[in-house]
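Taking it in order: structure first as structure tokens, then the write-up.
Protein chains: 2
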Amino acid sequence: MTRNEEMLTASRPALLGAAGDDAAFRRMLHDLLAFSARLEQVRARFAAFIGLTPPQYTILITIRHLQDGEGVGVRQVADHLALSPAFVTQETGRLVQAGVVDKRPSAEDRRRVILTVTEHGAELLRRLAPVQREINDQLFEPLTEQSFGVLQALAAELRESAEQAVRLSDYLIAEGAGAGTGSGQRSK
Amino acid sequence: MTRNEEMLTASRPALLGAAGDDAAFRRMLHDLLAFSARLEQVRARFAAFIGLTPPQYTILITIRHLQDGEGVGVRQVADHLALSPAFVTQETGRLVQAGVVDKRPSAEDRRRVILTVTEHGAELLRRLAPVQREINDQLFEPLTEQSFGVLQALAAELRESAEQAVRLSDYLIAEGAGAGTGSGQRSK
DNA sequence: GCGAGATAGTTAAGTTGTCAAGCTATTTCC
DNA sequence: GGAAATAGCTTGACAACTTAACTATCTCGC
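In structure tokens:
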């Protein structure tokens with residue numbers, strides 16, 4: 001196996017195998033990809049259960065997650081989910097229509113809007129809980145107390161490093177730079 | 001804190017906190033959600049770099065991942081990514097057009113089709129590697145050799161348990177069962 | 001204290017991702 | 001040898017999501 005260093009998709013030693021290869025790393029990426037696709041499927045089922053579309057459900061639980069005490073704004077929700085503010089506006093509109101979210105202008109900053117989950121929204125999520133419990137148990141069935149601890153801490157860290165990574169990729173892969181079929185590259 | 005057991009979204013002890021609460025578990029779910037949204041953003045940048053759309057890129061690397069020795073079929077790719085075969089057919093068609101994937105009928109089973117990455121496709125991915133390396137290092141910056149080991153093994157297991165979980169959710173959330181807005185809603 | 005930018009959100013119009021349904025060709029297996 | 005299962009393809013139709021252009025408010029440097 002003439003392993004070519006130039007082809008590695010990661011270089012940190014912690015991510016490479018004994019032979020300096022990235023096979024395990026790649027496999028992990030594909031596993032994570034498949035896993036998150038399944039998570040999304042499950043979320044779609046949850047959404048259906050309470051009569052929402054998948055993005056609506058995702059936005060609803062995000063609002064609840066971020067609303068601590070005071071409410072949360074459109075932009076914060078959009079950032080957290082990596083969605084455009086326009087889309088979040090549109091979908092929260094529907095959530096308000098459905099009576100599961102309340103939207104009111106902020107008192108201090110009148111450009112802003114405060115999103116909170118209504119009692120009705122909370123009630124729907126409460127009804128979902130029993131089903132969720134059963135499915136989540138299955139979803140994370142391989143986790144032990146130990147590995148849950150690791151994963152739980154890691155998830156928080158990875159969220160942040162991934163945010164950085166997106167910024168880095170925007171910098172490295174600027175509009176037009178690329179290895180496209182033939183044409184030369186230009187930086188912005 | 002009158003923690004109500006009925007509202008928990010997980011019940012396995014390994015997933016609950018000292019107080020029997022699911023706060024950490026929920027936080028983890030939101031972190032994973034945000035993380036995978038960022039992963040998707042990064043994939044979109046990778047795709048752009050080699051002149052493909054995000055789903056095309058994802059399908060391309062999945063074909064490469066699964067093609068070991070012999071090629072891989074449409075259905076296997078669809079299953080791995082939780083996409084419909086119809087969509088995979090359509091997008092692989094475009095990948096063939098773009099010259100990055102080869103599609104030929106299987107010799108043994110003439111219903112089937114064998115997908116492989118062409119030399120040109122491999123070359124594009126090779127050109128992407130240096131960028132990928134830098135971004136992946138940032139993406140997984142918090143990982144140590146230890147935690148990489150844990151995560152790597154976990155990802156493989158979670159992929160399977162999640163597959164089970166999707167089946168379970170299909171069973172539990174059958175067409176029409178639900179906590180919709182009051183009325184028992186009939187779907188078409 | 002005042003105009004130039006930045007920031008929050010909305011609206012409308014468009015693009016892209018994705019699927020369901022219906023079809024053909026093959027294989028399986030009773 | 002035929003019914004049922006399986007692999008893939010085609011077409012239409014939506015749902016998900018974005019970009020661009022706009023309004024309203026806020027923040028500062030000067």
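So the protein sequences, as listed, match chains S and L. Residue numbering for the first sequence follows the UniProt record's numbering, beginning at 1 and increasing consecutively. Residue numbering for the second sequence follows the UniProt record's numbering, beginning at 1 and increasing consecutively. A virtual CB, placed ideally from N, CA and C, is assigned to each residue, including glycine. Nothing here was measured: the structure is a model prediction, and the numbers come from that model.
| query | result |
| --- | --- |
| Taking only three categories from DSSP, how would you classify Arg186 (chain L)? | Residue confidence is low: Arg186 (chain L) scores 34 on pLDDT, short of 50, so the model does not pin down where it sits. No coordinate-derived value is stated. |
| With distances taken Cα to Cα, identify the nearest neighbour of Glu163 (chain L) among S:Phe35, S:Arg133, S:Thr89, S:Leu8. | S:Phe35 |
| Kindly indicate the opening and closing residues of the beta strand (DSSP E) around Pro142 (chain L). | Where Pro142 (chain L) is concerned, there is no enclosing beta strand (DSSP E), given that its DSSP letter is neither H nor E. |
| Using only the alpha-carbon positions, how far apart do Leu52 (chain L) and Val150 (chain L) sit? | 33 Å |
| Chain L partners of Arg111 (chain S), CB-CB under 7 Å? | None at all; the shortest Cβ gap to chain L is about 25 Å. |
| Is Arg45 (chain S) buried or exposed, if buried means 16 or more other CB atoms sit within 10 Å of its CB? | buried |
| Please identify the residue among L:Ala153, L:Asn136, L:Ile63 whose C-alpha is closest to the C-alpha of His80 (chain L). | L:Ile63 |
| Tell me the rounded alpha-carbon separation between Leu139 (chain S) and Arg94 (chain S). | 29 Å |
| How long is the line joining the alpha carbons of Gln90 (chain S) and Arg127 (chain S), rounded to whole angstroms? | 25 Å |
| Below 8 Å, how does it come out for the stretch 68-82 of chain L and the stretch 15-25 of chain L: are there three or more Cβ pairs, yes or no? | no |
| Would you grab the beta carbon distance between Gly71 (chain L) and Ile114 (chain L) for me? Rounded to a whole angstrom, and I think it's under 8 Å. | 3 Å |
| Could you tell me whether any Cβ in chain S is nearer than 8 Å to the Cβ of Asp21 (chain L)? | no |
| State yes or no: is the beta carbon of Asp31 (chain S) nearer than 8 Å to at least one beta carbon in chain L? | yes |
| Output yes if chain L places a C-beta closer than 8 Å to the C-beta of Ala82 (chain S); else output no. | yes |
| Under 8 Å, Cβ to Cβ, is there at least one residue of chain L near Ile59 (chain S)? | no |
| How about Val117 (chain S) and Gln152 (chain S): are their beta carbons less than 8 Å apart? | no |
| May I ask you to list the residues that DSSP assigns as paired with Asp31 (chain S)? | None, per the DSSP bridge assignment. |
| Taking the alpha-carbon positions, what's the Ile50 (chain L) to Met7 (chain S) distance? | 15 Å |
| Looking only at its chain, what residues have a beta carbon closer than 8 Å to the beta carbon of residue 194 (chain L), apart from the 5 residues adjacent to it on each side? | Absent from the model: residue 194 (chain L). The displayed extent of chain L is 1 to 188, so no value can be given. |
| Any C-beta of chain L within less than 8 Å: which residues of the stretch 124-141 of chain S qualify? | Leu124, Arg126, Arg127, Leu128, Ala129, Pro130, Val131, Gln132, Arg133, Glu134, Ile135, Asn136, Asp137, Gln138, Leu139, Phe140, Glu141 |
| Pick helix, strand or coil for Thr52 (chain L), following the three-state DSSP scheme. | It is worth fixing the name first, because residue 52 (chain L) is Leu in this sequence and not Thr. DSSP places Leu52 (chain L) in coil when its eight states are reduced to three. |
| Against chain L, with Cβ distances strictly below 8 Å, would Val96 (chain S) count as a contact? | no |
| So which residues on chain S does Phe35 (chain L) lean against when the C-beta distance must stay under 8 Å? | Ala155, Leu158, Arg159, Ala162 |
| Just to make sure I have the definition right: I need the residues of chain L whose C-beta is within less than 8 Å of the C-beta of Gln90 (chain S). Which are they? | The contacting residues do not exist; Gln90 (chain S) stays about 18 Å from chain L at best. |
| Drop a sphere of 10 angstroms on the beta-carbon of Ser169 (chain S), count the other beta-carbons inside from all chains shown, and report buried for 16 or more, exposed for fewer. | buried |
| If the criterion is Cβ atoms closer than 8 Å, does the pair Leu60 (chain S) and Val88 (chain S) meet it? | no |
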